[in-house]
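Peer 1:
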Amino acid sequence: MLTDGTAAAPVGDEEIDSVTPRAPPTAEAPVAAGPAPLGLRAVRLFGEAGPGGPGGPGAPGGAGEAALDFKLAAAVLRSGGGGGSGSDEDEVSEVESFILDQEDLDNPVLKTTSELFLSSAAEGADLRTVDPETQARLEALLEAAGIGKLSTADGKAFADPEVLRRLTSSVSCALDEAAAALTRMRAENNHNAGQVDNRSLAEACSDGDVNAVRKLLDEGRSVNEHTEEGESLLCLACSAGYYELAQVLLAMHANVEDRGNKGDITPLMAAASGGYVDIVKLLLVHCADVNAQSSTGNTALTYACAGGFVDIVKVLLKAGANIEDHNENGHTPLMEAASAGHVEVARVLLEYGAGINTHSNEFKESALTLACYKGHLDMVRFLLEAGADQEHKTDEMHTALMEACMDGHVEVARLLLDSGAQVNMPADSFESPLTLAACGGHVELAALLIERGANLEEVNDEGYTPLMEAAREGHEEMVALLLAQGANINAQTEETQETALTLACCGGFSEVADFLIKAGADIELGCSTPLMEAAQEGHLELVKYLLAAGANVHATTATGDTALTYACENGHTDVADVLLQAGADLDKQEDLKKTILEGIETAKHQEHESEGGRTPLMKAARAGHLCTVQFLISKGANVNRATANNDHTVVSLACAGGHLAVVELLLAHGADPTHRLKDGSTMLIEAAKGGHTNVVSYLLDYPNNVLSVPTTDMSQLTPPSQDQSQVPRVPMHALPMVVPPQEPDRAPQENSPPLTGVPKAVNSRVPTGATSSSHTTESPTPEPCSQTPSNVASQSVLPTYPSVDIDAHTESNHDTALTLACAGGHEELVSVLIARGANIEHRDKKGFTPLILAATAGHVGVVEILLDKGGDIEAQSERTKDTPLSLACSGGRQEVVDLLLARGANKEHRNVSDYTPLSLAASGGYVNIIKILLNAGAEINSRTGSKLGISPLMLAAINGHVLAVKLLLDMGSDINAQIETNRNTALTLACFQGRAEVVSLLLDRKANVEHRAKTGLTPLMEAASGGYAEVGRVLLDKGADVNAPPVTSSRDTALTIAADKGHYKFCELLINRGAHIDVRNKKGNTPLWLAANGGHLEVVQLLVQAGADVDAADNRKITPLMSAFRKGHVRVVQFLVKEVNQFPSDIECMRYIATITDKDLLKKCHQCVETIVKAKDQQAAEANKNASILLKELDLEKVSGKILESLVTFHLVDILALTTLGTQRHAPSTGRGYQSLQILPSVPCGGT
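Taking full-length UniProt numbering, the leading residue of the sequence shown gets 1, the next gets one more, and so forth.
So, in structure tokens, the structure goes:
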């Protein structure tokens, strides 16, 4: 880098070659003892006698040789002057010839020559021209340094001596550095010549020193050592590309998968990431895991694809690398290659079968969308030609075209459009390609999209058109393009009615706003007008411009806000001043309030009422903008105005925000600190809610700390400016401190006698000389302005108010400043209030004292303060009779419990529910508090004075607090204690609530598993009632009887209870454990009947599959089917009609339907009847069919009998005929007789 900031030309090939070690020179110049003066190092390049002397161009060592020598010096300098091999000494000797020794420095000729060429203003020297020889020598030197020839565009020699001086000075500095570096190098070589190599194994590997590594390994060092950074030696060698070193390490059995202490990448990943194909092959030969993944899910293939190393990709794929592995971003190797634009890698991957449309799970990115987002045109073209889906959408519902439009890749977008991409917003997407282009300000791309038919008015998910997005981002050229193409300049969003102009004004883009207004934008459109948007953000110049363009300064929103209220709310005093000068109304909100009170309650006014009807002064006071408040007061704003529903005044808002300076200012101007708000709240209460001690103290000192405040001439006010660097701020002392008129038509007094001083109380609390930026809206209390008045003209008389009532309370909950401070844990404030006489035993509407409130909230510091001041430690709430200790235990406030017990609180007090502090702590599972109470002597079973006998153990068990139960049992709690009224134990209560872990613990401690409460239910029945299958499993595993005797009163068992409630898993558990399936309760209901009656289809199916009697009727002869029909359980009826053997009669069904009045039930019962009738018809049809078959079989049997009888008779006739023939043996037998014998050969012939 040259001294004037211009960069030197890159090093050429010739210069690189010049670094190659050469033969040592014949002589070596001595090294200078120290650096020579700046500018003298280059003297030898021009000859000792100056230009034309012995060292001139024609002599040995002239321009050509000097240039060659300088190349070496420059190359050494660029190499950093580090150590090297034995040839370094040769290079040192070459460069040292440029270093002048002391004799050179004392030579007047050399000094004169140096001054001639290197001095910026040599006295008496004519530097207007440089002779050609000198110029030629310098050009050679600079050319050797990598700087082009010193000539003008037309080739004429450039001979400006100033330029030559600066260039030569730069060269001299370079030589200084080269000489110093070479000197250090020489010294280090001499120093290290006789030293032993003390490098560690990791250092030797890092240097790639194979011989040193071999030596250290031979000495016994471990090949699996790690670097200080936690990297393995093999990984280090692979990442650096040290092939021979990797061979050595692997030969010494280095772990080929060693990731080091960091556990991130393997050596194979490191080699693949660096592009070292030979090392990759070497590692694969040594069985490296080709599919190992890094901590981010990357494989060696992923790294190779991201780096674009085609050869490595091929090697890894041939070795079996998974081509579809996803990293933590969900990217496959193809996606990484596409994202980086490596086309050849992508080509190889596709040849090996990579999925071209594979996408990530989370972001739904594909190779094409990634390539489009990065703008890789060739990759996009390749993927499209390979069949990529260009309409695939990401998780943001972006297509490939939309991704390209985000970063303005015009040519990629053109290619996609030419390939058929959809130019407008696809279905289910949130924004169009044109919107994205407009948002990014990509004008050329937007023009292309419009040319291809993009919809100019298509809105995104926010309802913004492309024009709105362009205006919101301040892209003026894009706005101009869209308007020129016909975009609707006054288009509005549906919900907020925003326009392009309101968005531009919100962003403060004056040029865009100006363009839009001149193009015809409506200056009053929008829920918030452009003027309001600009005022809210504090864009002063834009506000002025809009007012000059005719913006309505009185326009209001649906909530009654104006540009002025927005400006004041955000502390933009300069904007407020401009708006007031333009005629803005300070009391616009009051006018709206009056309108509401008069009964004209339009929708707008009703919404405004919900906003509280706050004036600009109120909004500024609530936000704590002191300068804005003082400015508004100076303009006559009423400091005592209340909101429409009297929920706030100006002072109450300042108190609620804790803005002391604003409160002081308001009270100094006559604000009423004793005003009672809607709920009876006071200024003191509002300040106490937020714990604002300083405000509370100030209010309690009222009126002793407030004196009358003078006014100043209104003409002395300097309008504020947004540009604070050019226009001075409005100092507070220049603002008139007036008392606003208490009547609408009363003018302030301006001719009262002057006041000679300023109240000490005001000055003591508000720093003088401070300023407040009109654009600072983040700080709750901006830096206050000075309140010291100057040029006093008159004195106003302040109204007189009584002192503040410290014990005033709200109407709704009887809250006082002290109770609110205690509940909020504001210790300093509590101390102040008590010191000022606040009632320490005041009770709110629930009867809570300040101490109870503090204990409940766990504010131990406040509790201590109250106790120290005499707070009643045994005070009880009116309804629940809780004490501070009770509520602290109930809420788990351990520190408060410790403090109260130390102060003697009653540890056995019982509240209205008969719970002691220990019971309440157990109910909440607060183990530490339980320990504290037991250590303090609390009764573990809480029997003394108990009305119900509910023990802490029961409460811990019913709420499932295992640790608390264990602690209480360990400390001796009675495990089988019963509640006196219902005989429940800890076990039955735990079963009732489904606390499986507690049940298991209690049973392990020998709780009675068959204990029955007053209801007669066993623990198993209690669990069955709730359907707690896990509790039931624990009980059965630990000995509970699945068929325990039923409840005496109802004769129910665990199975009837579970079936009645429809608890499928519990019923399944009981059936598998052998429960009687057809047991009946007192009403004769079986489990199946109860399940059918309840409409529990799954339980009905379970019971039927288990063999339950489907026709078992109850005591009233009602079957399960009839029961399901009566309740309208259509699905249960549809199932049972396939299983039952008996159906109810049609008359019985219709008789019951006639009694139903509920329309829904009637409809369901009709459906059930239809199902039953259909089933009966099918049954009847099947029966008739079977009967017909049977009758046919009977008829066939009758016919067969007749035929048999006929044949037998005929056969007897034949026999008789044969007998008659007698001796006629040779007579031929009749065919008839033969045939008859063949017909029934096996039929016996009568009695013969």
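Even for Gly, the Cβ is constructed at its ideal location relative to N, Cα and C.
(1) Could you say which of Val1099, Thr849 and Leu953 lies nearest to residue 1250 if we only look at CA atoms?
(2) Are Ala386 and Leu416 closer than 8 Å when you measure CB to CB?
(3) State the Cα-Cα distance for the pair Pro466 and Thr557, rounded to the nearest angstrom.
(4) Determine contact between the segment 667–680 and the segment 640–655, defined as no fewer than three beta-carbon pairs at a distance below 8 Å.
(5) Taking Lys1038 and Leu1003 to be in contact with their CB atoms under 8 Å, please state how far apart those CB atoms are, rounded to whole angstroms.
(6) Taking C-alpha atoms, which residue in Asp264, Val277 and Gly260 lies nearest to Gly297?
(7) Would you mind stating whether Gly1032 and Phe1066 have Cβ atoms separated by less than 8 Å?
(8) If Glu469 and Ala446 are in contact, beta carbons under 8 Å, what's the gap, nearest whole angstrom?
(9) Cα-Cα, which of Ala996, His1076, Arg1005 and Ala346 is closest to Tyr1028?
(10) Can you tell me where the alpha helix (DSSP H) with Val663 in it begins and where it stops?
(11) Looking at C-alpha atoms only, which residue of Met335, Ala922 and Leu531 is the closest neighbour of Ala549?
(12) Please report how far the alpha carbon of Thr944 lies from the alpha carbon of Ala936, in whole angstroms.
(13) Which residues bound the alpha helix (DSSP H) around Tyr702?
(14) By DSSP, does Ser366 sit in helix, in strand, or in coil?
(15) Straight-line CA distance for Phe1125 to Leu885?
(16) What residue ranges within the segment 482–507 form continuous alpha helix (DSSP H) runs of no fewer than 4 residues, ordered along the chain?
(17) If you draw a straight line from the alpha carbon of Ala427 to that of Glu391, how long is it in whole angstroms?
(18) For the alpha helix (DSSP H) holding Gly1027, just list the boundary residues, first then last.
(19) Restricting to Cα atoms, I'd like to know which of Leu887, Ile840 and Gly1016 is closest to Asp868.
(20) Could you check the C-alpha separation between Gly330 and Leu301 for me, to the nearest Å?
(21) How many Å lie between Leu1196 and Ile1189 at the Cα?
(22) Tell me which residue opens and which closes the alpha helix (DSSP H) that Phe848 is part of.
(23) Who are the near neighbours of Gln1167 in its chain, counting only those whose CB is closer than 7 Å to its CB and skipping five residues on each side?
(24) Under the DSSP definition of a beta bridge, which residues are partnered with His226?
(25) Cβ of Thr358 versus every heavy atom of the ligand ADP: is any distance shorter than 7 Å?
(26) Does the segment 1147–1158 come close enough to the segment 1177–1187 to have 3 or more Cβ pairs within less than 8 Å?
(27) Output needed for Glu1098: all residues of its chain with C-beta closer than 6 Å, excluding positions within five of it in sequence on either side, in chain order.
(28) At 4 residues or longer, and completely inside the segment 447–484: list those alpha helix (DSSP H) runs for me, N to C.
(29) Based on Cα-Cα distance, which residue from Leu525, Thr981, Gly260 and Leu933 lies nearest to Met971?
(30) Below 8 Å CB to CB, which residues in the same chain sit around Asp207 once its five sequence neighbours on both sides are set aside?
(31) Taking Leu968 as the reference, give the member of Glu828, Ser923 and Glu980 with the closest Cα.
(32) Alpha carbon to alpha carbon, what distance is there between Arg221 and Ala319?
(33) Which class does Ala304 belong to by DSSP, given the choice of helix, strand or coil?
(34) How far does the alpha helix (DSSP H) with Gly949 in it reach, from first residue to last?
(35) Thr565 lies in the alpha helix (DSSP H); which residues open and close that run?
Peer 2: Let's see:
(1) No statement about residue 1250 is possible, as the shown extent of the chain runs from 1 to 1248 and does not include it.
(2) As a working mapping, residue 386 is identified with position 386 in the sequence shown. As a working mapping, residue 416 is identified with position 416 in the sequence shown. In this structure, Leu416 does not lie closer than 8 Å to Ala386 by Cβ.
(3) Stepping through the sequence shown from its first residue, residue 466 is reached at position 466. Stepping through the sequence shown from its first residue, residue 557 is reached at position 557. Taking the straight line from one Cα to the other gives about 26 Å.
(4) yes
(5) Taking the sequence shown and counting its residues from 1, one reaches residue 1038 at position 1038. Taking the sequence shown and counting its residues from 1, one reaches residue 1003 at position 1003. Rounded, the Cβ-Cβ distance is 4 Å, consistent with contact.
(6) Here residue 297 refers to the residue found at position 297 of the sequence shown. Per the Cα distances, Asp264.
(7) Counting from one through the sequence shown, the residue named residue 1032 turns up at place 1032. Counting from one through the sequence shown, the residue named residue 1066 turns up at place 1066. It is a contact, given that the beta carbons lie within the stated cut-off.
(8) Counting from one through the sequence shown, the residue named residue 469 turns up at place 469. Counting from one through the sequence shown, the residue named residue 446 turns up at place 446. Incorrect: roughly 11 Å between the Cβ atoms, too far for contact.
(9) In the sequence shown, residue 1028 corresponds to position 1028, counting from 1. The candidate whose alpha carbon is nearest that of Tyr1028 is Ala996.
(10) The count along the sequence shown starts at 1 and reaches residue 663 at position 663. Counting along the chain, the alpha helix (DSSP H) containing Val663 begins and ends at Leu660 to Ala668.
(11) Counted from its first residue, the sequence shown places residue 549 at position 549. Nearest of Met335, Ala922 and Leu531 to Ala549, Cα basis: Leu531.
(12) Taking the first residue of the sequence shown as 1, we reach residue 944 at position 944. Taking the first residue of the sequence shown as 1, we reach residue 936 at position 936. Taking the straight line joining both Cα atoms gives about 16 Å.
(13) As a working mapping, residue 702 is identified with position 702 in the sequence shown. In the DSSP annotation of this structure, Tyr702 is not part of any alpha helix (DSSP H), being labelled neither H nor E.
(14) As a working mapping, residue 366 is identified with position 366 in the sequence shown. In this structure, Ser366 counts as strand in the three-state DSSP scheme.
(15) Here residue 1125 refers to the residue found at position 1125 of the sequence shown. Here residue 885 refers to the residue found at position 885 of the sequence shown. Between Phe1125 and Leu885, the C-alpha separation is close to 58 Å.
(16) 500–507
(17) Residue 427 sits at position 427 when you count from the first residue of the sequence shown. Residue 391 sits at position 391 when you count from the first residue of the sequence shown. Each residue's Cα considered, the two are about 11 Å apart.
(18) For this step, residue 1027 is matched to residue 1027 along the sequence shown. No alpha helix (DSSP H) contains Gly1027, which DSSP labels as neither H nor E.
(19) Start at 1 with the first residue of the sequence shown, and residue 868 comes out as number 868. The candidate whose alpha carbon is nearest that of Asp868 is Ile840.
(20) The count along the sequence shown starts at 1 and reaches residue 330 at position 330. The count along the sequence shown starts at 1 and reaches residue 301 at position 301. Each residue's Cα considered, the two are about 15 Å apart.
(21) Residue mapping note: residue 1196 aligns to position 1196 of the sequence shown, counting from 1. Residue mapping note: residue 1189 aligns to position 1189 of the sequence shown, counting from 1. C-alpha separation (whole angstroms): 11 Å.
(22) Walking along the sequence shown from the start, residue 848 turns up at place 848. That residue, Phe848, is in no alpha helix (DSSP H); it is neither H nor E in DSSP.
(23) Residue numbering aside, residue 1167 sits at position 1167 when the sequence shown is read from its first letter. Within the same chain, Gln1167 has close Cβ partners Val1130.
(24) Reading the sequence shown from its first residue, position 226 is the one you call residue 226. His226 pairs with Ser232.
(25) As far as ligands go, the structure on display features none, and thus does not contain the ligand ADP.
(26) Touching, no.
(27) Working through the sequence shown from its first residue, we reach residue 1098 at position 1098. Closer than 6 Å at Cβ, skipping near neighbours: Tyr1064.
(28) 466–473 and 476–484
(29) Sequence index remark: in the sequence shown, residue 971 carries index 971 (1-based). Closest by alpha carbon: Leu933.
(30) Within the sequence shown, the letter at position 207 stands for residue 207. Excluding residues within five positions, the ones whose Cβ falls inside 8 Å are Arg199.
(31) Taking the first residue of the sequence shown as 1, we reach residue 968 at position 968. The shortest C-alpha separation from Leu968 is found at Ser923.
(32) For the purposes of this step, residue 319 is taken as the residue at position 319 of the sequence shown. For the purposes of this step, residue 221 is taken as the residue at position 221 of the sequence shown. When rounded, the distance between both Cα atoms is 33 Å.
(33) Along the sequence shown, read from residue 1 onward, the residue named residue 304 stands at position 304. Reduced to three states, the DSSP call for Ala304 is helix.
(34) For the purposes of this step, residue 949 is taken as the residue at position 949 of the sequence shown. Unbroken run through Gly949: none, as it is neither H nor E.
(35) Residue mapping note: residue 565 aligns to position 565 of the sequence shown, counting from 1. Start and end: Ala563 to Glu569.
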